[in-house]
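There are 2 protein chains.
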Amino acid sequence: MVTVRDIADRCGVSTATVSKALNGYGDVSPATAEKIRIAAEELHYMPNVAARQLKTNFSHSLGVLFEDETNVGLTHEFFSEILNAAKNEAERQGYDILFLSRNIGGKRATYLEHARYRRLDGVLIANVDYDSEMVKDLVASEIPTITIDYTFNDHSSILSDNIEGLYELTKYIISQGHRKIAFIHGEITSVTKKRLIGFYRALTESKVRIPDRYVVEARYHDPQATREATRKLMNYSDPPTCIIFPDDYSYLGGKAELSEMGLSVPGDVSTCGYDGTQMCRVLYPPLATYEQNATEMGERAVKKLIESVENPKTCRPEEIQIKGSILMGHSVSRIRS
Amino acid sequence: MVTVRDIADRCGVSTATVSKALNGYGDVSPATAEKIRIAAEELHYMPNVAARQLKTNFSHSLGVLFEDETNVGLTHEFFSEILNAAKNEAERQGYDILFLSRNIGGKRATYLEHARYRRLDGVLIANVDYDSEMVKDLVASEIPTITIDYTFNDHSSILSDNIEGLYELTKYIISQGHRKIAFIHGEITSVTKKRLIGFYRALTESKVRIPDRYVVEARYHDPQATREATRKLMNYSDPPTCIIFPDDYSYLGGKAELSEMGLSVPGDVSTCGYDGTQMCRVLYPPLATYEQNATEMGERAVKKLIESVENPKTCRPEEIQIKGSILMGHSVSRIRS
DNA sequence: ATACTAATCGAAACCGTTTTCGCTTGATTA
DNA sequence: TAATCAAGCGAAAACGGTTTCGATTAGTAT
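The following block contains the structure:
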């Protein structure tokens with residue numbers, strides 16, 4: 017392995033000068049700097065990340081925290097899209113991405129301990145229980161963090177427009193003539209609450225009244241739970257004409273139930289998803305849904321995170337709203353009112 | 017941050033002894049070792065990973081290489097399941113997982129350079145172009161690697177039983193009375209070739225002859241391509257009664273086309289997927305498919321990789337076959353022959 | 001000629017571990 | 001008793017960078 021020593025020898029300078037030249041200090045003449053850069057190039061010099069980190073305490077790597085009790089984390093299309101975008105952006109800026117875990121060398125640890133152990137420069141937090149002590153500790157620590165769809169006081173976050181999303185979706189449904197609109201929502205979280213607000217706002221605004229029993233809870237990303245909720249809804253003597261599902265994936269469960277009941281979409285009942293996954297575009301009929309701009313969310317998250325890593329003084333906490341957009345699909349029928 | 021120095025001072029020994037005690041050398045009396053361990057515990061000592069790595073040249077982290085031209089990598093359920101399992105197993109053994117990329121500090125680099133830069137202990141390779149020079153260089157290097165669904169000479173690999181998989185699937189279809197069986201396969205790769213072998217083997221064994229035009233190429237994970245292939249097949253004057261699709265996800269495209277043509281599954285035409293994703297279980301009807309044991313693949317991959325990292329002498333290269341199993345679903349009808 | 005300044009560079013300390021090798025000490029053996 | 005030996009421990013040298021601070025030199029002003 018070639019080290020600064022080798023370059024120094026070849027150029028007849030000290031290791032100090034090599035280091036300075038390579039890191040662009042103003043402390044070395046342009047001529048020698050150039051000579052050193054060329055030598056480094058020729059020798060395929062690659063700095064020893066451990067040595068550098070030991071001295072500077074910067075690891076040039078970011079942690080991602082994806083909690084995964086149900087072990088579904090990475091197979092969740094919305095989150096894996098965020099992660100993918102985050103990874104690409106981090107790479108572009110020369111940072112590496114590492115999964116935060118609760119194990120260090122086989123021993124149990126907290127997230128914060130793990131982040132410190134690896135000297136992570138920053139952590140991207142998504143899909144976790146934001147009430148857990150461990151997560152709170154991490155956010156409260158000296159390590160810069162950014163959270164997805166949740167805001168801690170005085171910390172940056174990326175927020176998708178959940179209120180707007182359900183508002184627009186509901187408005188759209190109403191515009192198609194529907195009045196009996198059901199909403200199967202996920203477990204109650206801050207995100208769910210926002211979606212409920214958007215839902216009711218749209219209804220109120222259009223003076224549409226629905227019975228309470230049209231709003232039922234299932235779980236996100238759980239087709240089976242959604243399936244049961246769907247059955248319940250459709251067995252009412254006065255069933256809805258349109259159902260909004262927790263997300264695109266769990267819609268599959270609802271769709272299966274409808275198919276089994278011999279009901280077609282959108283002929284017999286209209287449907288909407290949420291997320292705007294790739295999948296929902298290739299279904300038949302294509303699902304109407306609200307597309308969260310997951311790619312932009314991941315990208316912006318990492319951009320902001322790196323900013324606060326590199327400019328701790330000037331970088332202010334910020335809530336970054338990412339607008340999504342409605343994806344019409346063909347799963348909502350037009351009915352006469 | 018507490019260091020070995022602090023522990024040494026508190027216990028009245030040298031840092032050397034602390035290090036030895038903490039790493040379980042036989043060179044320190046049980047009494048002092050215990051004292052040191054307790055002190056470390058009390059002080060919440062956490063070794064400095066950079067210092068350790070600088071000295072030992074072990075990073076205790078593994079790279080994963082997921083090439084991603086189409087940017088679909090992480091959203092591919094099969095691969096993300098492998099990754100998820102790999103991540104869990106790595107965590108369990110105290111290794112961290114880091115994405116291999118082609119950027120180092122913002123500069124373009126090769127995978128090998130990146131792996132060396134981070135001193136990765138080993139690399140898990142999946143979903144890449146195994147013919148690319150960069151990948152070959154990485155495998156040929158001093159860094160232990162393990163590949164998924166492809167074997168390099170003298171290197172370990174995890175192989176799903178692609179021949180067996182398509183063989184069993186085809187046999188099953190035949191057992192249900194089908195004779196006109198079509199196969200939409202993915203682009204030609206070593207995996208695809210194996211699946212074709214299994215397909216033809218089953219046919220031959222059962223003396224079923226199909227016209228060549230029943231075997232068409234689409235692309236993996238591409239519902240649109242599959243959709244076109246499906247249309248082509250069903251427009252034949254003598255269409256197949258059963259279609260095997262490249263994978264579960266691209267099946268969605270085929271299914272959409274069939275629906276649009278007014279054909280029901282399995283009433284009018286039977287279908288099979290490949291992979292055994294969670295998704296295919298919640299479709300209606302549940303898709304018959306061959307379940308690749310992605311979780312076991314990821315787990316075994318990391319186990320073997322760590323083994324070859326920790327026991328470079330004794331650990332032999334190995335091709336590890338992971339058996340999958342047929343998932344019947346309800347998408348293949350029983351027809352009279 | 002002298003004093004002062006700015007530019008350029010290097011010696012050396014340091015980051016926190018691991019590891020070699022030699023020193024003690026007390027026990028064992030001839 | 002003297003020689004041998006093993007166990008337990010520590011001093012010090014790495015590992016490969018970064019960074020401080022002082023030294024040198026050349027240029028400029030007086």
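Chains Z and F, in that order, are what the protein sequence lines are. Residue 17 is where the first sequence starts when you use my numbering, and the numbers rise one by one after that. Residue 17 is where the second sequence starts when you use my numbering, and the numbers rise one by one after that. Backbone N, C-alpha and C define an ideal beta-carbon position, used for all residues, glycine too. In this text, all values refer to a predicted model and were calculated from it rather than measured experimentally.
Three-way DSSP call (helix, strand, coil) for residue i in this model
{"i": "C296/Z", "result": "helix"}
{"i": "N39/F", "result": "coil"}
{"i": "H171/Z", "result": "coil"}
{"i": "T287/Z", "result": "strand"}
{"i": "G121/F", "result": "coil"}
{"i": "I98/F", "result": "helix"}
{"i": "E334/F", "result": "coil"}
{"i": "Y25/F", "result": "One point to set straight first is that residue 25/F is Asp, not Tyr, in the sequence displayed. Reduced to three states, the DSSP call for D25/F is helix."}
{"i": "E315/F", "result": "helix"}
{"i": "D264/F", "result": "helix"}
{"i": "G270/Z", "result": "helix"}
{"i": "A234/F", "result": "coil"}
{"i": "Y306/F", "result": "strand"}
{"i": "I342/Z", "result": "strand"}
{"i": "D368/Z", "result": "For residue 368/Z there is no data in the structure shown, the boundaries of chain Z being 17 and 353."}
{"i": "L114/F", "result": "strand"}
{"i": "I259/F", "result": "strand"}
{"i": "S77/F", "result": "strand"}
Outcome for residue i when other beta-carbon atoms lying within 10 angstroms are tallied against a minimum of 16
{"i": "H60/Z", "result": "exposed"}
{"i": "E105/Z", "result": "buried"}
{"i": "I197/Z", "result": "buried"}
{"i": "S266/F", "result": "buried"}
{"i": "A307/Z", "result": "For clarity, residue 307/Z is Glu in the given sequence; the question names Ala instead. With 16 or more Cβ atoms within 10 Å of its Cβ, E307/Z is classed as buried."}
{"i": "G138/Z", "result": "buried"}
{"i": "N327/Z", "result": "exposed"}
{"i": "R21/Z", "result": "exposed"}
{"i": "I52/F", "result": "buried"}
{"i": "D228/F", "result": "exposed"}
{"i": "A66/Z", "result": "buried"}
{"i": "K209/Z", "result": "exposed"}
{"i": "R15/Z", "result": "In the structure as shown, chain Z begins at 17 and stops at 353. Residue 15/Z is therefore absent and cannot be evaluated."}
{"i": "I323/Z", "result": "Per the sequence shown, residue 323/Z should be read as Glu rather than Ile. It is buried - the Cβ of E323/Z has at least 16 other Cβ atoms within 10 Å."}
{"i": "D147/Z", "result": "exposed"}
{"i": "I259/Z", "result": "buried"}
{"i": "S173/Z", "result": "buried"}
Residue j beta carbon less than 8 angstroms from that of residue i
{"i": "H194/Z", "j": "S286/Z", "result": "yes"}
{"i": "R175/Z", "j": "I159/Z", "result": "It is worth fixing the name first, because residue 175/Z is Leu in this sequence and not Arg. Contact flag unset, no."}
{"i": "A142/Z", "j": "I98/Z", "result": "yes"}
{"i": "R316/F", "j": "I336/F", "result": "yes"}
{"i": "A422/F", "j": "L299/Z", "result": "This structure gives no information on residue 422/F, because the portion of chain F shown stretches from 17 to 353."}
{"i": "M277/Z", "j": "E93/Z", "result": "no"}
{"i": "T161/Z", "j": "I200/Z", "result": "no"}
{"i": "A218/Z", "j": "T257/Z", "result": "no"}
{"i": "L140/F", "j": "L78/F", "result": "yes"}
{"i": "P282/Z", "j": "S222/Z", "result": "no"}
{"i": "V231/Z", "j": "I190/Z", "result": "no"}
{"i": "L114/F", "j": "L114/Z", "result": "yes"}
{"i": "R134/Z", "j": "S75/Z", "result": "yes"}
{"i": "T305/Z", "j": "D291/Z", "result": "yes"}
{"i": "Y166/F", "j": "S206/F", "result": "yes"}
{"i": "G214/F", "j": "N178/F", "result": "yes"}
{"i": "T33/Z", "j": "T48/Z", "result": "yes"}
{"i": "A101/Z", "j": "T311/Z", "result": "yes"}
{"i": "L279/Z", "j": "G289/Z", "result": "no"}
{"i": "L90/F", "j": "L274/Z", "result": "no"}
{"i": "P301/Z", "j": "G269/Z", "result": "no"}
Check: residue i C-beta below 7 angstroms from any heavy atom of the ligand COA
{"i": "I23/F", "result": "Absence of the ligand COA is noted for the structure shown, with no ligands found whatsoever."}
Chain F contacts from the region 92 to 122 of chain Z (Cβ-Cβ distance under 7 angstroms): E93, S96, E97, L99, N100, K103, E107, R108, Q109, G110, D112, I113, L114, F115, S117, N119, I120, G121 and G122
Residues of the region 302 to 327 of chain F with Cβ closer than 7 angstroms to any Cβ of chain Z, in chain order: none
Whole beta strand (DSSP E) elements within the region 136 to 223 of chain Z, 3-residue minimum: 138 to 142, 161 to 164, 172 to 176 and 197 to 201
Residues of the region 202 to 235 of chain Z whose Cβ lies closer than 9 angstroms to any Cβ of chain F, in chain order: none
Near-chain Z residues of the region 44 to 66 of chain F (beta-carbon distance less than 9 angstroms), N- to C-terminal order: H60, M62, P63, N64, V65 and A66
Interface residues of the region 255 to 269 of chain F facing chain Z [CB-CB below 8 angstroms]: Y265, L268 and G269
Residues of the region 130 to 155 of chain Z with Cβ closer than 9 angstroms to any Cβ of chain F, in chain order: H130, R132, Y133, R134 and R135
Interfacial residues, the region 170 to 204 of chain F to chain Z, with Cβ spacing under 9 angstroms: none
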